[in-house]
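Accompanying notes for the structure given below.
Number of protein chains: 2
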Amino acid sequence: MSTLKDVAEKSGVTVTTVSRMLNGRGYISEKTREKINAAMRELNYKPNELARALSKKRSNFIGLIVPSASNMYFCKVIDCVERLVTGSGYKLLLCTSNDETKKELEYFNMLSASKVAGVILASHTQNIDLSVAIDAPIISIDRIISPRIPSVCSDNYQGGILAAEHLIAKGCRKLAHISGSSYLNMEANKRFFGFKEVCEKEGVPYVAIDATEEQFLSMQYENIIHSLIDSNPDIDGIFTSNDIIAAQVIKICSRRGIRIPQQMKVVGYDDIDLCKFCTPSITTIHQPVRDICQRAVESIVLEQDKKGIPIRVTYPVTLVEREST
Amino acid sequence: MSTLKDVAEKSGVTVTTVSRMLNGRGYISEKTREKINAAMRELNYKPNELARALSKKRSNFIGLIVPSASNMYFCKVIDCVERLVTGSGYKLLLCTSNDETKKELEYFNMLSASKVAGVILASHTQNIDLSVAIDAPIISIDRIISPRIPSVCSDNYQGGILAAEHLIAKGCRKLAHISGSSYLNMEANKRFFGFKEVCEKEGVPYVAIDATEEQFLSMQYENIIHSLIDSNPDIDGIFTSNDIIAAQVIKICSRRGIRIPQQMKVVGYDDIDLCKFCTPSITTIHQPVRDICQRAVESIVLEQDKKGIPIRVTYPVTLVEREST
DNA sequence: GCTTATATATTAACCGTTTGACATATAGAT
DNA sequence: ATCTATATGTCAAACGGTTAATATATAAGC
Chain F
1 MSTLKDVAEK SGVTVTTVSR MLNGRGYISE KTREKINAAM RELNYKPNEL ARALSKKRSN
61 FIGLIVPSAS NMYFCKVIDC VERLVTGSGY KLLLCTSNDE TKKELEYFNM LSASKVAGVI
121 LASHTQNIDL SVAIDAPIIS IDRIISPRIP SVCSDNYQGG ILAAEHLIAK GCRKLAHISG
181 SSYLNMEANK RFFGFKEVCE KEGVPYVAID ATEEQFLSMQ YENIIHSLID SNPDIDGIFT
241 SNDIIAAQVI KICSRRGIRI PQQMKVVGYD DIDLCKFCTP SITTIHQPVR DICQRAVESI
301 VLEQDKKGIP IRVTYPVTLV EREST
Chain A
326 MSTLKDVAEK SGVTVTTVSR MLNGRGYISE KTREKINAAM RELNYKPNEL ARALSKKRSN
386 FIGLIVPSAS NMYFCKVIDC VERLVTGSGY KLLLCTSNDE TKKELEYFNM LSASKVAGVI
446 LASHTQNIDL SVAIDAPIIS IDRIISPRIP SVCSDNYQGG ILAAEHLIAK GCRKLAHISG
506 SSYLNMEANK RFFGFKEVCE KEGVPYVAID ATEEQFLSMQ YENIIHSLID SNPDIDGIFT
566 SNDIIAAQVI KICSRRGIRI PQQMKVVGYD DIDLCKFCTP SITTIHQPVR DICQRAVESI
626 VLEQDKKGIP IRVTYPVTLV EREST
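Each protein sequence line maps, in turn, to chains F and A. According to this note's numbering, the stretch in the first sequence is residues 1 to 325, in order. According to this note's numbering, the stretch in the second sequence is residues 326 to 650, in order.
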């Protein structure tokens, strides 16, 4: 593996000159530039990123912490972030925390030790001031972690409003809401508040139940869905806080012979691919994941040059109507 | 941010002593060990991983290249690999190649420049000898890339056999096979060969169609499914090369009023979460993703110490029966 | 008491870059 | 011919670790 020194020797200049060219500082004659380029090509030179980062006291890694990579919503986040990070000349260090604070802290230490350029947090960690643990910009996605850490969210409150309005407009007389684990993501609770507000304004009765953290991670909600329907057989519309719950509602209704959308209408949340693949396909609230991720990555990149970034950014959501309503 | 030197000064020894302790080389008195530990704690010292890697000429990053992170099968791979990599003291650099050779090469150069400890390839790159591009162990998942690059696969041929046998045992009289893009993953083609062999042995007629690369990436197979059914209205069993196609078959049958499993039986491949969430749920061939990933990560770790690893490893698959058959 | 083995600490070079300080060459202005 | 800008290049010290070679202290063996 050839080094800067090899390139310098081969092209008859010093390492400083080569480095200067590589980093676009100072002046370089066209002739020298040519010589260096030729040498680099000939030696198949690739700058050692570790040495470079050590010297600059900053790597071009960006850390992304998600609870899990097997949850389809986070997959979308991972996919978007990876493309954006790479597109901006950085590299993605992926961390899955299982939503455990202990693991999140370990990852923070690890990322800090690798001198990452920034961290994007899509995992919980309520009320922990992580900024002390790392000397790099942090930004959280769809969660507000502490007053000082910037966040980029979608309009969860509005999402709840859209869902409730849609169900009511479609003729539902009694609604239900099933949330993910409200403990894990306080922001997402706003979906319920929006939903609730509309129900109350329109005088439509509703019930609400909350899944546990364990259910969220294992993605198994059958039990609570069954008991919800058992104890409220008159419900004709369900708004779920994520699409995975919605898919299971559909499954259970089908088993129980409840026809969708005739007897029961379902609105999910997130708009993951699953919505399209289900039969019937799922009406849902579309989160602008791409926009959110783009903002997050941009923030990290901008903060490299100490440019100020807004502390709170909110993107609008939209309702996507499919077969389940 | 404190350094080794700070720790050494604070505990009244030299950096070598501290480093020696950190790396568990040579001898350290219990007293010294205590002093150093106290100093490290007090200074909240974290070794700079970049410096360490530079010095050792090898980082503890492991690169994973997948076509896309939004495909549910690869999500599972990402999730498994991340956990295993972290569990072995490494960090995951995630790369999404879109199955483009050019991008894969770029990623290889990038990974090489970051002195990764190894690369796990779950993306195509047929017949390119990537080992020249990087001085680190490479291992491919579910693909055979070149004679010299080790791979870990599941038994695709057997998967095809299980699927066909199951459909025939369930009473199907005419079968169809829809493959992903056979161009992208030659290994997966063996699923068809296994399927074909059983059909021929049992004297069951079949048709086979192949999706395009574009369809694989966009996950939209509706067109070919419609035309398959249009031109072969007598098919009563379909074996698809991945679960996403299977979900769409179910969707289209439902639209066309073809009842599943009564009039049409469907077997998918991979056993991603989607199978459970679909209505009806999907019978599929289960790939032991965890085992495969574990083997892959272990291989990379073992090769750090130049331990030999087998060039080809194959894991068995199983059929998981659900509602679609 | 002297030699040897074992335990512990030190010095300094190296990993591959970046970069501030400084040197030299060239050309234009006076 | 001298002075000043401007262009081009060089030296050497960081960055934060690792590690081979070497020195010193301690205990054991005879």
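Every residue, glycine too, gets a C-beta built ideally from N, C-alpha and C.
Exclusion of the five residues before and after C80 (chain F) leaves V289, R290, C293 as the residues of its chain whose Cβ lies within less than 7 angstroms of its Cβ. Bounds of the beta strand (DSSP E) holding A533 (chain A) are 531 to 535. Within the segment 456 to 469 of chain A, the residues whose Cβ lies closer than 7 angstroms to some Cβ of chain F are D460, listed in chain order. Linking A621 (chain A) to A188 (chain F) through their CA atoms gives a straight-line distance of about 37 angstroms. In terms of CA proximity to L417 (chain A), F:I65 leads the group F:G89, F:G87, F:I65, F:P147.
Measuring C-alpha to C-alpha distances from D210 (chain F) to each of F:V313, F:K31, F:Y157, F:S241 identifies F:S241 as the nearest. Apart from sequence neighbours up to five positions away, the residues of its chain that approach V626 (chain A) with a beta-carbon distance below 6 angstroms are S413, ordered along the chain.
I244 (chain F) and T212 (chain F) have their C-alpha atoms roughly 14 angstroms apart.
For N481 (chain A), the closest of A:A333, A:K526, A:V638 by C-alpha to C-alpha distance is A:V638. Collapsing the DSSP output to three states places T284 (chain F) in a strand. Straight-line measurement puts the Cα of A489 (chain A) at about 49 angstroms from the Cα of F108 (chain F). Judged by DSSP in its simplified three-state form, S151 (chain F) adopts strand. In this structure, C603 (chain A) keeps its C-beta atom at 8 angstroms or more from the C-beta atom of T283 (chain F).
For G87 (chain F), the enclosing alpha helix (DSSP H) has its first and last residue at 72 to 87. For A188 (chain F), the uninterrupted alpha helix (DSSP H) run begins and ends at 186 to 202, by DSSP. Of the residues assessed, K306 (chain F) falls on the exposed side of the cut-off, its CB having fewer than 16 other CB atoms within 10 angstroms. With its beta carbon at least 8 angstroms from every one in chain F, T341 (chain A) lies outside the interface. Annotation for R33 (chain F): M21 place their beta carbon closer than 7 angstroms to its own, counting only its chain and skipping 5 residues before and after. Below 8 angstroms, too few C-beta pairs join the segment 37 to 48 of chain F and the segment 358 to 376 of chain A to call them touching: fewer than three. Between V18 (chain F) and L4 (chain F) the beta-carbon gap is near 6 angstroms, inside 8 angstroms, which marks them as a contact. Note on geometry: alpha-carbon atoms of D142 (chain F) and D271 (chain F) lie some 15 angstroms from one another. With contacts defined by Cβ atoms closer than 8 angstroms, I470 (chain A) and G443 (chain A) do not form a contacting pair. Taking CB atoms only, M511 (chain A) has no neighbour in chain F less than 8 angstroms away. The residue from F:A247, F:L184, F:E49, F:P205 with its alpha-carbon nearest to that of P67 (chain F) is F:L184. If you draw a 10 Å sphere on the C-beta of T650 (chain A), you find 16 or more other C-beta atoms in it, and that means buried. Rounded to whole angstroms, the separation of the alpha carbons of Y594 (chain A) and M110 (chain F) is 37 angstroms.
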